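A.B. asks: Residue numbers (this note's numbering), protein chains in the order written: chain A, 2 to 117; chain B, 118 to 231.
A virtual CB, placed ideally from N, CA and C, is assigned to each residue, including glycine.
Please read these numbers as outputs of a predicted model, since none were measured by experiment.
I'd like to ask some things about the structure below.
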Amino acid sequence: GAVVSQHPSWVICKSGTSVKIECRSLDFQATTMFWYRQFPKQSLMLMATSNEGSKATYEQGVEKDKFLINHASLTLSTLTVTSAHPEDSSFYICSARDVGFGNTIYFGEGSWLTVV
Amino acid sequence: AQSVTQLDSHVSVSEGTPVLLRCNYSSSYSPSLFWYVQHPNKGLQLLLKYTSAATLVKGINGFEAEFKKSETSFHLTKPSAHMSDAAEYFCVVSDNFGNEKLTFGTGTRLTIIP
Numbered sequence: 002g003a004v005v006s007q008h009p010s011w012v013i014c015k016s017g018t019s020v021k022i023e024c025r026s027l028d029f030q031a032t033t034m035f036w037y038r039q040f041p042k043q044s045l046m047l048m049a050t051s052n053e054g055s056k057a058t059y060e061q062g063v064e065k066d067k068f069l070i071n072h073a074s075l076t077l078s079t080l081t082v083t084s085a086h087p088e089d090s091s092f093y094i095c096s097a098r099d100v101g102f103g104n105t106i107y108f109g110e111g112s113w114l115t116v117v
Numbered sequence: 118a119q120s121v122t123q124l125d126s127h128v129s130v131s132e133g134t135p136v137l138l139r140c141n142y143s144s145s146y147s148p149s150l151f152w153y154v155q156h157p158n159k160g161l162q163l164l165l166k167y168t169s170a171a172t173l174v175k176g177i178n179g180f181e182a183e184f185k186k187s188e189t190s191f192h193l194t195k196p197s198a199h200m201s202d203a204a205e206y207f208c209v210v211s212d213n214f215g216n217e218k219l220t221f222g223t224g225t226r227l228t229i230i231p
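Written out as C-alpha cells, the structure reads:
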C-alpha cells in the first residue's frame with residue numbers, strides 16, 4: 002500500500018536554530034499534503050495544507066513565518082520550524098492524499114522535535 | 118462546519134471480549150468518516166473509511182464501523198479484543214469538498230486487560 006515517510010523521526014535542536022522536517026510520498030504523487038501537530042496525549046491539530054507549486058494554506062493561529070512549508074514536488078513537502086523555542090517541542094505528523102486510490106489520506110510516522 | 122465527538126476518552130476491555138468505541142459527528146453536508154489507530158510514538162494507520170457507499174464498513178484487523186445517519190454516529194467495533202489492539206483511536210470526518218481537510222476527534226485510548 003501507499004507509504005508516507007517522514008524524516009527525521011526525532012530531532013533535538015538548540016533554541017534559536019531552525020530545523021527542517023521532510024514528508025515524502027513513496028509510491029504515489031501527492032498534490033496535497035497536510036501538516037499536523039500533536040501534543041502528548043492530545044489529538045492532532047491541523048497546522049497547514051501544503052499544495053504542490055503554490056503557497057501553503059495555514060490554519061488560524063499558526064504563524065506562517067515561523068512554520069515555513071514548501072511543497073516543491075509531487076512527492077515532497079517540507080516543514081521548517083524557524084527560530085525554534087522550547088514551546089515548539091512537539092510531535093509533528095504529515096499526511097498525503099492519494100488521488101489515485103479513492104482520495105485516501107495516508108499519514109507519516111511522525112517526527113519528534115525537542116528544542117533545548 | 119464539521120466536528121467529531123468521541124464519547125469516551127478511555128475504554129478498557131478484557132482480551133477476547135467485544136470492543137465498542139463511540140463516535141458522533143456533525144457535518145453540514147454528506148461527510149466521509151474514518152477511523153485511525155495510533156500506537157505509542159507512531160504515526161496514524163487507517164483502519165477503515167466510509168464514503169457514502171455501504172453503511173457497514175469493514176476494516177483491517179477485524180474492526181468494522183456502521184454509519185448511522187439518523188443517529189449521526191460512526192461507532193467502531195470488534196468482536197474479540199486482542200492485546201495488540203491497545204492503542205489510541207481517532208474518529209475523523211472530512212467535508213468531501215475536495216480539500217480533504219480532516220477534523221479529528223479527541224481520541225479514545227483502548228486498554229486491553231489480559
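#1: Does the beta carbon of F191 of chain B sit closer than 9 Å to a beta carbon anywhere in chain A?
#2: Does K175 of chain B have its Cβ less than 9 Å from a Cβ in chain A?
#3: Going by the DSSP bridge assignment, what does H199 of chain B pair with across the sheet?
#4: Buried or exposed: where does K195 of chain B fall if 16 or more other Cβ atoms within 10 Å of its Cβ makes it buried?
#5: Using a C-beta to C-beta distance shorter than 8 Å, which residues of chain A count as neighbours of F207 of chain B?
#6: Could you give the first and the last residue of the continuous beta strand (DSSP E) run that contains V12 of chain A?
#7: Give the secondary structure of D66 of chain A by DSSP, where H, G and I count as helix, E and B as strand, and everything else as coil.
#8: Between the alpha carbons of F108 of chain A and C95 of chain A, how many angstroms are there, rounded?
#9: Do L193 of chain B and L137 of chain B have their C-beta atoms within less than 9 Å of each other?
#10: So does the segment 110-117 of chain A actually touch the segment 57-71 of chain A, counting three or more Cβ pairs closer than 8 Å?
#11: Rounding to the nearest angstrom, what Cα-Cα distance links R98 of chain A and V5 of chain A in this structure?
#12: Determine which residues of the segment 159-172 of chain B have a Cβ less than 9 Å from any Cβ of chain A, and write them out in chain order.
#13: Could you work out which residues of chain B lie near E110 of chain A, taking near to mean beta carbons separated by less than 8 Å?
#14: Counting only C-beta atoms, is F92 of chain A closer than 9 Å to chain B at any point?
#15: Taking a contact to mean a Cβ-Cβ separation below 9 Å, would you say T83 of chain A touches R25 of chain A in this structure?
#16: What do you reckon, are the CB atoms on Y153 of chain B and Q119 of chain B nearer than 9 Å?
C.D. replies: Taking the coordinates as given:
#1: As a first step, residue 191 of chain B must be located in the second sequence, where it is residue number 74. Cβ-Cβ to chain A under 9 Å: no for F191 of chain B.
#2: Translated into the one-based positions of the second sequence, residue 175 of chain B becomes position 58. Taking Cβ atoms only, chain A never reaches closer than 9 Å to K175 of chain B, which makes this a no.
#3: Numbered from its first residue, the second sequence carries residue 199 of chain B at position 82. Paired residue(s): none; H199 of chain B is not in a bridge.
#4: Locating residue 195 of chain B in the second sequence gives position 78, counting from the first residue. Its Cβ being crowded by 16 or more others within 10 Å, K195 of chain B is buried.
#5: Translated into positions along the second sequence, residue 207 of chain B becomes position 90. In chain order: S44 and L45.
#6: In the first sequence, the residue the question calls residue 12 of chain A occupies position 11. W11 to C14 is the span of the beta strand (DSSP E), which, as asked, contains V12 of chain A.
#7: Along the first sequence, read from residue 1 onward, the residue named residue 66 of chain A stands at position 65. Of the three classes helix, strand and coil, the one that applies to D66 of chain A here is coil, per DSSP.
#8: Translated into positions along the first sequence, residue 108 of chain A becomes position 107. Translated into positions along the first sequence, residue 95 of chain A becomes position 94. Going by the C-alpha atoms only, they are around 6 Å apart.
#9: Position 76 of the second sequence, counting from 1, holds the residue named residue 193 of chain B. Position 20 of the second sequence, counting from 1, holds the residue named residue 137 of chain B. The answer is yes: Cβ separation under 9 Å.
#10: Counting Cβ pairs under 8 Å, fewer than three are found: no touch.
#11: Position 97 of the first sequence, counting from 1, holds the residue named residue 98 of chain A. Position 4 of the first sequence, counting from 1, holds the residue named residue 5 of chain A. Approximately 10 Å, taken between the alpha carbons.
#12: K159, G160, L161, Q162, L163, K166 and T168
#13: For the purposes of this step, residue 110 of chain A is identified with residue 109 of the first sequence, where counting begins at 1. For the C-beta of E110 of chain A, the chain B residues within less than 8 Å are, from N- to C-terminus, K159 and G160.
#14: Position 91 of the first sequence holds residue 92 of chain A. Taking Cβ atoms only, chain B reaches closer than 9 Å to F92 of chain A, which makes this a yes.
#15: As a first step, residue 83 of chain A is located in the first sequence; it is residue number 82 there, counting from the start. As a first step, residue 25 of chain A is located in the first sequence; it is residue number 24 there, counting from the start. Going by C-beta atoms, T83 of chain A is not nearer than 9 Å to R25 of chain A.
#16: By one-based count along the second sequence, residue 153 of chain B stands at place 36. By one-based count along the second sequence, residue 119 of chain B stands at place 2. Contact: no.
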